[in-house]
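**Q** Residue numbers (the working numbering): 1 to 173.
Quick reminder that beta carbons are idealized off the backbone N, C-alpha and C, glycines included.
Quick caveat: nothing in here was measured; it's all calculated off a predicted structure.
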Amino acid sequence: MALSLYDATVANYLQTLGAVGGFLDRSLKHFRDNNIDPETMVEARLAQDMLPLRFQIISVAQHSRGAIEAVQSGEFRPPASKTPYDYAGLQGLIAQTREALSAWTPEAVNALGGRDVVFHVGERQLPFTAEDFLMSFSLPNFYFHATTAYDILRTNGVPLGKRDFMGRLKLKS
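#1: What do you reckon, are the CB atoms on V42 and L53 nearer than 8 Å?
#2: Name the residue from V71, D116, G161 and Q62 whose alpha carbon lies nearest to the alpha carbon of T97.
#3: Can you tell me which of the three DSSP states H120 falls into?
#4: Suppose the cutoff is 6 Å on Cβ atoms and the five residues either side in sequence are ignored; what does the same chain contact list for S27 look like?
#5: Thinking C-alpha only, which one of V121, F128 and E123 is nearest R115?
#6: Indicate the three-state DSSP secondary structure (helix, strand or coil) for Q48 in the structure shown.
#7: Compare the Cα-Cα distances from G22 to each of A146, S173, T40 and V71 and report the closest residue.
#8: Could you give the distance in angstroms between the alpha-carbon of D178 and the alpha-carbon of S73?
#9: Does DSSP classify P106 as helix, strand or coil?
#10: Near R168, which residues of its chain fall below 8 Å by C-beta distance, leaving aside the five closest residues on each side in sequence?
#11: Mind pulling the alpha helix (DSSP H) runs of 4 or more residues that sit fully within the region 21-97?
#12: Under the rule that 16 or more other beta-carbon atoms within 10 Å means buried, what is Q48, buried or exposed?
#13: Check the DSSP bridge columns for Q125 and list the partner residues they point to.
#14: Roughly how far, in whole angstroms, is the beta-carbon of G77 from the beta-carbon of H120, given that I think they are within contact range, below 8 Å?
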């Protein structure tokens, strides 16, 4: 069996987006149980020179749904770092991203193979093929930002474990 573009991207995005939604929900419960205002976590960072939880979650959406849409349109731009989301808004963004990606069929995603995608960063333009954009840029960024969001919450006392990050496994039926 060959691994398709859909299997390598959307199927994995959906698994991890489910995990991100789950650990955001679990974190909210922890915050409520411990009288912690969840809004204080929106701007929490691992290090002073890193972007906050808000940006990490926005980037998870941008490097999954936004990446597939970029392959379809032929253009990708990084997310704005100042987009105003509260904690509930971040949870909603993940839910909307999962819903939008769930609407993509394997046939539709696989048909995007071979297209050109240009990544616009400032005045620079970086040309990619769809496959190279998704596999060498989008997926690594997606996992980096999902991991960083998990780490921000974990560092701030939320009792999360590896299983919370992995999400629902694709077990043989």
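**A** Taking the coordinates as given:
#1: Against the sequence shown, residue 42 aligns to sequence position 42. Against the sequence shown, residue 53 aligns to sequence position 53. With respect to L53, V42 sits close: the two C-beta atoms are nearer than 8 Å.
#2: As a working mapping, residue 97 is identified with position 97 in the sequence shown. Among V71, D116, G161 and Q62, the Cα nearest to that of T97 is on Q62.
#3: In the sequence shown, residue 120 corresponds to position 120, counting from 1. Under the three-state reduction of DSSP output, H120 falls in the strand class.
#4: Stepping through the sequence shown from its first residue, residue 27 is reached at position 27. Excluding the 5 residues flanking it on each side, S27 has same chain C-beta neighbours closer than 6 Å at L153 and V158, in chain order.
#5: For the purposes of this step, residue 115 is identified with residue 115 of the sequence shown, where counting begins at 1. The option with the nearest alpha carbon to R115 is F128.
#6: The count along the sequence shown starts at 1 and reaches residue 48 at position 48. Three-state DSSP puts Q48 in coil, outside helix and strand.
#7: Sequence index remark: in the sequence shown, residue 22 carries index 22 (1-based). Looking at A146, S173, T40 and V71, the one whose alpha-carbon comes closest to that of G22 is A146.
#8: No answer is possible for residue 178: the residues shown for the chain start at 1 and end at 173.
#9: What you label residue 106 is simply residue 106 of the sequence shown in a count that begins at 1. Note: P106 maps to helix in three-state DSSP.
#10: Taking the sequence shown and counting its residues from 1, one reaches residue 168 at position 168. Its chain contains Q15, G18 and A19 as the residues whose beta carbon lies nearer than 8 Å to that of R168, once the 5 sequence neighbours on both sides are disregarded; these appear in chain order.
#11: Qualifying alpha helix (DSSP H) stretches, in chain order: 39-42, 53-62 and 65-73.
#12: What you label residue 48 is simply residue 48 of the sequence shown in a count that begins at 1. Here Q48 is exposed. Its C-beta has fewer than 16 other C-beta atoms within 10 Å.
#13: Position 125 of the sequence shown, counting from 1, holds the residue named residue 125. Q125 has H120 as its beta-bridge partners, per DSSP.
#14: Translated into the one-based positions of the sequence shown, residue 77 becomes position 77. Translated into the one-based positions of the sequence shown, residue 120 becomes position 120. According to the sequence as given, residue 77 is Arg; it is not Gly. Contact flag correct, Cβ pair sits at about 5 Å.
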